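Visitor: Chains as they are written, first to last, in the working numbering: chain A, 236 to 570; chain F, 155 to 448; chain D, 421 to 848. Handing you a structure now.
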């Protein structure tokens, strides 16, 4: 953290005071702005002076002009990105079926907590079962995919073998072919295996991913080969080198891959919808869309309640691992 | 020794490769087979058609429209997403108090459920009561525009949404790249008078080329394949202005059940993606050469 | 972490085992949608399933709920294609052509003939006909609904406007809507989805298809249809007696159920919502069933007509236990079961005895004269009618949302529909 410099203190204090004065003037002037153009100008003035005030405050608190700018930018972006989520939570507390509230009425007078009861205990939607399914499937896919894909990444990063480039190319091309069309043969195959409506159908198609292999191969390439050689001299076999040397060093990238996969699987919609039938096998995302379909757009409060219920576990998981994740990624490198 | 290593290499990639064969290559081959037939999912009849599905697809105005929409979408969303992510990464790559909090917040849209995000951004773009229009209304500006219903703005609305929902992963990748730049380079640059903006152009950007490449390639691929937000938010409308190839193929396969034709269209999309990626590979390679020579 | 994961796996496998300790016959029943907190339809339905299992201890019912119609149809077709269909499919009239023509469903005629207890004559035969092809019958109907005009009597009384009468005309409707429009209140709210507005075309003498169902050009883009769309546009843009689509979207609520619009078009299912309307500041619901009136849509042809949506139960050809499935259908379409379900207000019953019983209710009685004017939806005749819906809806949207010329928009849609239909021939 930089020292408080006198210049930044003055800049911060001045802009903050100026902003307060301007804002007060604009607020007072609002009553006299009768024609719409004046009013618009007045409102813009309020916005501009609020921004100036925010900047002044940031500068004062952080102790530098540059930092002041940075914080102002970061706070504005954060507000913009969080606003829909805050709105989601607030609207979920409005009584069922009320119109979309305008901003001045956004805080519910009496929070309608019973919305949550309504959604969680819908007679034919076992939300807790959906939750367990989603958790189990997601964790299985993440663990399985990390293992299978990191093995392959190790093979690609550390061994010379015939057909290596071609095989890697095939993985890359498979990433580029996505289409509703391949779901037909995959469905037919899963059906032949007798996996329809089982966890196997939800887990096995995701157990390896070209993207994860690509990502982890890059990470392994960045680890000096001398470490492998040293372990070899100590008598370690290839699998041991992979397990004991490379995997621990690639932890940040493993964390990234795990997170990408986790959120991807948790929020997958079309495949779980196709490959499961009975209500007991549904995932949260499919459950939520049953909900969205039944209400159309005509009941925002209950829809938002359902959205909160799907989002909350995601947020919790993310906040738990974000420290490891966002920081971890930065310590590793993906080049 | 060489032979032995070869065997080990294959052994390690074997599980992933078997999975690839089973769940990716076999279905792709199956789809290729389908694309050579006149066939529909709801009928056992099929007739060999050779390349007819391909010639038909390429000449079909609605498919051309979809290709054009996808191109437009990628041209807007990829550069915009890249620039915003880089700017944000630089912003949060400072040693400031509470910086992790901001990084965390910026990642949240990316972890959200697709259905929930679609509902939220429908709200963001609603007329009058929506988030953007409420703010415009507070400033006394026109607040009646339904961004997702307007032919002129719907595609932009979806693209801008993707800039923010995709911000997290891109920002993290750039952060990793930024952190990976050795501090000594900046110190050496400072001696040559390269500070601030000049340091950014002379050191940061060139060092970020590999990351940029990864981000550009992966986000172009996903931009050209975009489906879920369109399915949830616009269904290709208004007036098919957001009918991108991913959604077009979906309707061909799952609403019209023209599986042969849909497969052919998937391969046209694949060829387009591979072509775009190759061009990007070329361009990046020449860029890299330029820098290593300098 | 590892331990938790193990526990989770164990819990899931335990609960999977515990639900299936017996050797009962399992019949799988597919339906769509069904999350609703305010109607007890779902709860009543579940109660009936349990009752059926109690009376038939050898059968276990597994319900396969699929999010919405948009997912239901592809999923069922794919299941059929791969031999994974459930025993019973709920058949929506709007996609029945697709289901029947693809050979997914079993002909129930022999089962019906064999069964002394079951009488087809208990049902409205024109409703049964929806799934009849020659002598073959592919589904037993549950219930159906005509699309009707609902009006709010309280708002009519407050403005001193007399209630609409069956057989009214477009102009009478327009004048009525104007009279009911004032501050914070609209005369009419337009339901902007094709299945909810196709009848407007019919009632002005237009249609969507040629009689042989091969062509939309010359029909969807007819002069009558252009006039119909212009008529609706005038009400929204000039009279302002109906909210613009963006105003309706901004409200994010059903304005009719919210007591802010005097008329709207919906099916019988609309009543489920109106019977649990949002409450006003005084704590009273903004609309109650006592406020409601039901009338035919206006027409300019002298021959009022409306569309009817219907659902029924069908047994698939690949059903493992057709006899058990038939017992289930018989139970679910019996007088006592239908009476329980019908009381939730979801639709008009396909059973004459249930409908007569329910017709004693004055509001229900208002539906009865409309039933003879019903036409089945095109989905009973055209496979994959969703494509037509999408294109026609595109035309309506481009007029109402983006200010395009109705004639040009309809011509574009008609051409597009024709080319999509041509694409569907395996032999081109």
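The C-beta atom is built at its ideal place from N, Cα and C for all residues, glycine as well. Predicted model, so just to flag it, every value in this text is computed and none were measured.
(1) Just to confirm, are residue 584 of chain D and residue 570 of chain D a CB contact at a threshold of 8 Å?
(2) Let me know if residue 379 of chain F comes out buried or exposed under the rule of 16 or more other beta-carbons within 10 Å of its beta-carbon.
(3) If you draw a straight line from the alpha carbon of residue 347 of chain F to that of residue 341 of chain F, how long is it in whole angstroms?
(4) Residues of the region 408-435 of chain F in Cβ contact with chain D at a cutoff of 8 Å, in chain order, please.
(5) If you draw a straight line from the alpha carbon of residue 257 of chain F to that of residue 238 of chain F, how long is it in whole angstroms?
(6) Counting only Cβ pairs nearer than 9 Å, list the residues of chain D close to residue 513 of chain A.
(7) Going straight from the alpha carbon of residue 433 of chain A to that of residue 525 of chain A, what length do you get?
(8) Following the continuous beta strand (DSSP E) through residue 564 of chain D, name the residue where it begins and the one where it ends.
(9) Please list the partners that residue 271 of chain A has in chain F, where partner means a Cβ-to-Cβ separation under 9 Å.
(10) In chain order, what are the residue ranges of uninterrupted alpha helix (DSSP H) at least 4 long that sit wholly in the region 396-484 of chain A?
(11) So residue 482 of chain D and residue 444 of chain D are in contact, right, with Cβ under 8 Å, and what is the actual spacing, rounded?
(12) Go to residue 192 of chain F, then tell me how far its beta strand (DSSP E) extends in each direction, as first and last residue.
(13) Please confirm whether residue 267 of chain F and residue 520 of chain A have their CB atoms less than 8 Å apart.
(14) Which value, in whole angstroms, describes the spacing of the CA atoms of residue 164 of chain F and residue 452 of chain A?
(15) Quick one: Cα of residue 628 of chain D to Cα of residue 192 of chain F, how far?
(16) Would you mind telling me which residues of chain E sit closer than 9 Å to residue 283 of chain F, beta carbon to beta carbon, in chain order?
(17) Return helix, strand or coil for residue 340 of chain F, following the three-state DSSP convention.
(18) Output the boundary residues of the beta strand (DSSP E) element that contains residue 839 of chain D.
(19) Hey, residue 384 of chain A and residue 228 of chain F: beta-carbon distance below 8 Å or not?
(20) Please confirm whether residue 255 of chain A has its beta-carbon closer than 8 Å to some beta-carbon of chain F.
(21) For a quick check, are the C-beta atoms of residue 319 of chain A and residue 278 of chain F less than 8 Å apart?
(22) Between residue 216 of chain F and chain A, is the shortest Cβ-Cβ distance under 8 Å, so that the two count as touching?
(23) In the structure shown, what three-state DSSP assignment does residue 171 of chain F receive?
(24) Any idea what DSSP makes of residue 650 of chain D, helix, strand or coil?
(25) Are residue 738 of chain D and residue 659 of chain D touching if we call contact CB-CB under 8 Å?
(26) For the candidate residues D:805, D:776, D:769, whose alpha-carbon lies nearest to that of residue 563 of chain D?
(27) Whose C-alpha, out of A:295, A:549, A:554, A:537, is nearest the C-alpha of residue 349 of chain A?
(28) Measure the Cβ-Cβ separation of residue 473 of chain D and residue 480 of chain D and say whether it is below 8 Å.
(29) Counting only beta-carbon separations shorter than 8 Å, does residue 391 of chain F have a partner in chain D?
(30) Shorter than 8 Å from the beta carbon of residue 491 of chain A to some beta carbon of chain F?
(31) For residue 236 of chain A, I'd like the list of residues in its chain whose CB is within less than 6 Å of its CB, leaving aside the five on either flank, ordered along the chain.
(32) Should the region 322-338 of chain A be called in touch with the region 272-292 of chain F, which here means at least 3 C-beta pairs below 8 Å?
(33) What are the boundary residues of the alpha helix (DSSP H) that residue 473 of chain D is part of?
(34) Would you say residue 265 of chain F faces chain A, with C-beta separation under 8 Å as the test?
(35) Can you have a look at residue 541 of chain D and say buried or exposed, based on whether 16 or more other CB atoms are within 10 angstroms of its CB?
(36) Taking 8 Å as the CB-CB cut-off, is residue 161 of chain F touching chain D?
Guide: Walking through what the data contain:
(1) For residue 584 of chain D and residue 570 of chain D, no; Cβs fall outside 8 Å.
(2) If you draw a 10 Å sphere on the C-beta of residue 379 of chain F, you find 16 or more other C-beta atoms in it, and that means buried.
(3) Roughly 10 Å separates the two Cα atoms.
(4) Listed by position, the residues of the region 408-435 of chain F near chain D (Cβ gap below 8 Å) are 408, 409, 410, 411, 412, 415.
(5) One Cα belongs to residue 257 of chain F, the other to residue 238 of chain F, and the distance between them is close to 14 Å.
(6) Chain D residues near residue 513 of chain A: 448, 482, 483, 484, 485.
(7) In this structure, the CA atom of residue 433 of chain A is about 20 Å from the CA atom of residue 525 of chain A.
(8) That run of the beta strand (DSSP E) goes 560-566.
(9) By Cβ distance, chain F contributes 294.
(10) Qualifying alpha helix (DSSP H) stretches, in chain order: 399-411, 415-427, 434-438, 445-456, 460-468.
(11) Separation of the CB atoms of residue 482 of chain D and residue 444 of chain D is rounded to 10 Å, and the pair is thereby denied contact status at 8 Å.
(12) Counting along the chain, residue 192 of chain F sits inside the beta strand (DSSP E) bounded by residues 191-193.
(13) For residue 267 of chain F and residue 520 of chain A, yes; Cβs fall inside 8 Å.
(14) When the Cα atoms are used, residue 164 of chain F and residue 452 of chain A turn out to be separated by approximately 15 Å.
(15) Whole-angstrom Cα-Cα distance: 28 Å.
(16) Looking at the structure shown, chain E is missing, and the protein chains on hand are A, F and D.
(17) If DSSP states are grouped into helix, strand and coil, residue 340 of chain F belongs with the helices.
(18) Unbroken run through residue 839 of chain D is the alpha helix (DSSP H), 826-843; no beta strand (DSSP E).
(19) Contact flag unset, no.
(20) False, the Cβ-Cβ gap to chain F never drops below 8 Å.
(21) Here residue 319 of chain A is near residue 278 of chain F, since their CB atoms are less than 8 Å apart.
(22) Judged by the 8 Å Cβ criterion, residue 216 of chain F is not in contact with chain A.
(23) Three-state DSSP puts residue 171 of chain F in a helix.
(24) Correct three-state label for residue 650 of chain D: helix.
(25) In this structure, residue 659 of chain D does not lie closer than 8 Å to residue 738 of chain D by Cβ.
(26) That would be D:769, whose Cα lies nearest to the Cα of residue 563 of chain D.
(27) Ranking the options by Cα distance to residue 349 of chain A, first place goes to A:537.
(28) Against a cut-off of 8 Å, the Cβ pair of residue 480 of chain D and residue 473 of chain D comes out as a contact.
(29) At least one chain D Cβ lies under 8 Å of residue 391 of chain F.
(30) Contact with chain F is found for residue 491 of chain A, since one of that chain's Cβ atoms lies less than 8 Å from the residue's Cβ.
(31) Interpretation of residue 236 of chain A is limited by its pLDDT of 43, a score under 50 that renders its predicted location unreliable; no figure is taken from the coordinates.
(32) Proximity of the region 322-338 of chain A to the region 272-292 of chain F meets the contact definition, three or more beta-carbon pairs being nearer than 8 Å.
(33) DSSP places residue 473 of chain D inside the alpha helix (DSSP H), whose first and last residues are 461-475.
(34) At least one chain A Cβ lies under 8 Å of residue 265 of chain F.
(35) With fewer than 16 other Cβ atoms inside 10 Å of its own Cβ, residue 541 of chain D counts as exposed.
(36) Residue 161 of chain F does not count as touching chain D.
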